[in-house]
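The next block holds one structure in the form of structure tokens; read it before the comments.
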Amino acid sequence: MAEPEDSPETQMARLILALRSQGVTEPKVLTAIETTPRPLFTQDLFKDRAFEDSALPIACGQTISQPFVVGLMTQALKIDRRDRVLEIGTGSGYQTTILSKMARLVYTVERYRTLMKEAESRFKTLALTNIITRFGDGGEGWPEQAPFDRIMVTAAAPGEPKALLSQLKPTGVLVAPIGKGPVQVLRRYTGDGQGGFTVEDLIDVRFVPLLDGVAKEL
Ligand code: SAH
């Protein structure tokens with residue numbers, strides 16, 4: 014448990030140790046997490062819990078993902094420095110920021126205008142220049158920019174995300190929570206180079222659902 018009276022550095026060190034002990038061991042992933050100030054991405058009410066290894070509420074009834082899950086998903090994606098990555102579900106922009114520190118370009122799609130704007134202002138604050146945002150329905154991917162080396166979905170897809178898989182390079186990797194219920198399985202699809210995929214189930218996760226269309230409310 015994070016002790017709020019500890020310095021941010023101490024709390025971050027504790028978080029990194031916790032992630033490492035749970036299997037997030039890739040140094041580049043840990044460095045990206047360590048250099049990303051999570052309090053910037055949380056609501057004022059939850060700032061003192063920003064270094065906890067838990068998901069927290071953000072605007073529009075959505076959540077910022079748990080650091081362990083962010084770390085595991087990022088590690089599972091096996092990102093190369095030269096990769097162009099598509100992320101579906103920008104939310105707070107926390108996961109986007111981690112991806113931007115590991116890839117060449119990150120394309121991110123969000124269906125709430127408010128969340129998109131808030132995330133864009135955080136990217137500006139952090140001087141991240143390799144993130145391209147889009148307000149829209151991420152279920153359809155981003156056909157104009159396809160194919161992608163890597164795709165990460167941070168909202169639960171009810172079944173195989175066919176439209177997204179079709180926008181992946183032949184040997185690309187897609188990681189997504191799959192399932193209709195409150196608990197989903199984190200699934201990794203790895204292209205075999207011939208139009209097929211190897212499918213692996215990693216862990217059980219709890220994500221908000223991937224919804225159709227853009228949000229009518231802000
Ligand atoms: N990666 C985010 C987690 C956000 S929660 C973070 O680190 O903060 C999932 C996000 O997916 C929510 O913001 C939700 O609005 C968004 N979402 C759900 N369905 C979507 C869709 N069809 N297209 C784009 N975004 C979607």
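Heads up, the working numbering is the position in the sequence shown plus 13, with the first residue counted as 1. Just so it is clear, CB atoms sit at the ideal spot from N, CA and C, and this is done for glycine as well. All of these numbers come straight from a predicted model, not from anything done at the bench.
*Please go through the same chain and pick out, in chain order, the residues whose beta-carbon is closer than 7 Å to the beta-carbon of residue 158, but skip the five residues on each side of it.*
Answer for residue 158: 120, listed in chain order.
_DSSP beta-bridge partners of residue 144_ = 119
*Three-state secondary structure (DSSP) at residue 214?*
strand
*Buried or exposed by the 16-neighbour rule on C-beta atoms within 10 Å, applied to residue 162*: buried
*Can you name, in chain order, every residue of its own chain whose Cβ lies under 7 Å from the Cβ of residue 111, other than the five neighbours on each side?*
45, 46, 49, 83 and 87
*Presumed contact (8 Å Cβ cut-off) between residue 154 and residue 123, rounded CB distance*: Not confirmed; about 14 Å, so no contact.
*Fully enclosed by the stretch 122-203, which alpha helix (DSSP H) runs are 4 residues long or longer?*
126-138 and 175-178
_By the DSSP assignment, the alpha helix (DSSP H) with residue 33 in it spans what residues?_
21-34
*Under a criterion of Cβ closer than 6 Å to any non-hydrogen atom of the ligand SAH, which residues qualify, in chain order?*
Here the residues come out as 75, 76, 77, 78, 101, 102, 104, 105, 107, 108, 122, 123, 124, 125, 128, 150, 151, 152, 167, 168, 221, 223 and 224.
*Measure the C-alpha to C-alpha separation of residue 126 and residue 216 and round it to an integer number of angstroms.*
Roughly 31 Å between the two C-alpha positions.
*Please state whether DSSP places residue 219 in a helix, a strand or coil.*
coil
_Give me the residue from 131, 164, 186 and 170 with the minimum Cα distance to residue 202._
Looking at the Cα atoms, 186 is the closest of the given residues.
*Could you tell me which of 114, 93, 219 and 174 sits nearest to residue 141, measuring between CA atoms?*
Relative to residue 141, the option among 114, 93, 219 and 174 whose CA is nearest is 114.
_Going by DSSP, what residue range makes up the beta strand (DSSP E) through residue 100?_
97-101
*asked:* For a quick check, are the C-beta atoms of residue 78 and residue 146 less than 8 Å apart?
replied: no
*Helix, strand or coil: how does DSSP classify residue 70 here?*
strand
*With a Cβ-Cβ cutoff of 8 Å, do residue 184 and residue 209 count as a contact?*
no
*State the CB to CB distance for the pair residue 212 and residue 190, rounded to an integer number of angstroms; the pair is presumed to be in contact (CB under 8 Å).*
Rounded to the nearest angstrom, the Cβ distance from residue 212 to residue 190 is 14 Å, too far for a contact under 8 Å.
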